[in-house]
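*Asks:* Structure in structure tokens, see below.
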Amino acid sequence: MKNSIILTAFFILIKIAAQAQGTFDNRKLCIRKFITSAYIDKKDASFIINNYMYSAPDDTIHRKKKEALIAALLGKLISETGSVINSSDYKISKYAEFAGKKVKFNTSDDKNFVVLSVKNKPIIYFAFKGTRIISFYHINKGSLSYFLIA
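Count the sequence shown with mature numbering (1 follows the signal peptide of the UniProt record, and there is no 0) and you get residues -20 to -1, 1 to 130, in order.
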């Protein structure tokens, strides 16, 4: 009886670990596609929103306003990071596992944060809901950073 409980718990832990790794792999794929679409293919905000961004079912932001905000944030992000991101030697890491110096966010719940870095320097931080991007842009206010969510 005791062995079957231990064995069941072991399989549950393996399943949870596999699901977490699968989620991270899907997030990495989403980021790679986002980078290709935004930086190389120069896709518009509507395409980015439809293919990579999370939209809450009860979203109150009008679609055109959301597209305008995402377009502005994409433009700013690309102008700030374009030359670095165009090199293909970037690395995608979970926020908690990134070993370099990183910004501190206004929450301790960082399991949904992902860091894109080049040469161990963070370039872009992403916030996720499942496998869709909630935000790819943050601002610093004092010692903390905050994701801008559209």
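Where is the CB? At the ideal position from N, CA and C, for every residue including glycine.
Quick one: does the C-beta of Lys74 sit closer than 6 Å to a heavy atom of the ligand GTP?
*Replies:* The ligand content of the structure shown is nil, which means the ligand GTP is not present either.
*Asks:* If I measure Cβ to Cβ from residue 132 and keep anything under 7 Å in the same chain, skipping five residues before and after, which residues do I get?
*Replies:* Residue 132 lies beyond the range of the chain shown here (-20 to 130); nothing can be said about it.
*Asks:* Identify which residue in Lys109, Tyr126, His118, Tyr75 has its Cα closest to the Cα of Glu60.
*Replies:* When each option's Cα is compared against that of Glu60, the closest is His118.
*Asks:* Just checking my contact of Tyr34 with Arg112 at CB under 8 Å: how many whole Å lie between their CB atoms?
*Replies:* Their Cβ separation, rounded to whole angstroms, is 4 Å, which keeps Tyr34 and Arg112 in contact under 8 Å.
*Asks:* Quick one: measure Cβ to Cβ for Phe78 and Ser63, integer angstroms, because I've assumed they're closer than 8 Å.
*Replies:* 21 Å between Cβ atoms; not a contact.
*Asks:* Taking buried to mean at least 16 other C-beta atoms within 10 Å of its own C-beta, is Arg7 buried or exposed?
*Replies:* Buried: at least 16 other Cβ atoms inside 10 Å.
*Asks:* Taking DSSP as the reference, what is the three-state secondary structure of Val95?
*Replies:* Residue state, collapsed to three classes: strand.
*Asks:* Within 10 Å of its beta-carbon, does Ala76 have 16 or more other beta-carbons around it, so buried, or fewer, so exposed?
*Replies:* Looking at its Cβ environment, which holds fewer than 16 other Cβ atoms inside 10 Å, Ala76 is exposed.
*Asks:* Who are the Cβ neighbours of Ile129 in its own chain at under 7 Å, not counting the five residues just before and after it?
*Replies:* Excluding sequence neighbours, Ile129 sits near Ile114, Ser115.
*Asks:* Can you tell which of Lys45, Lys109, Ile104, Asp39 has its C-alpha closest to the C-alpha of Lys56?
*Replies:* When each option's Cα is compared against that of Lys56, the closest is Ile104.
*Asks:* With burial defined as no fewer than 16 other Cβ atoms inside 10 Å of the residue's Cβ, what is the status of Ser123: buried or exposed?
*Replies:* Looking at its Cβ environment, which holds fewer than 16 other Cβ atoms inside 10 Å, Ser123 is exposed.
*Asks:* To the nearest angstrom, report how far apart Asn120 and Phe127 are at their CA atoms.
*Replies:* Roughly 9 Å separates the two Cα atoms.
*Asks:* Can you list, in chain order, the residues of its chain whose CB lies under 6 Å from that of Lys109, leaving out five sequence neighbours each side?
*Replies:* Result list for Lys109: Tyr34, in chain order.
*Asks:* Quick one: residues in its chain with C-beta nearer than 8 Å to the C-beta of Thr3, no 5 flanking neighbours on either side, listed in chain order?
*Replies:* Contacts found: Gly110, Thr111.
*Asks:* Go through its chain and collect everything with a Cβ distance to Ile65's Cβ below 7 Å, but skip five positions before and after it.
*Replies:* Within the same chain, Ile65 has close Cβ partners Ile15, Tyr19, Ile103.
*Asks:* According to DSSP, is Tyr75 part of a helix, a strand, or is it coil?
*Replies:* Correct three-state label for Tyr75: helix.
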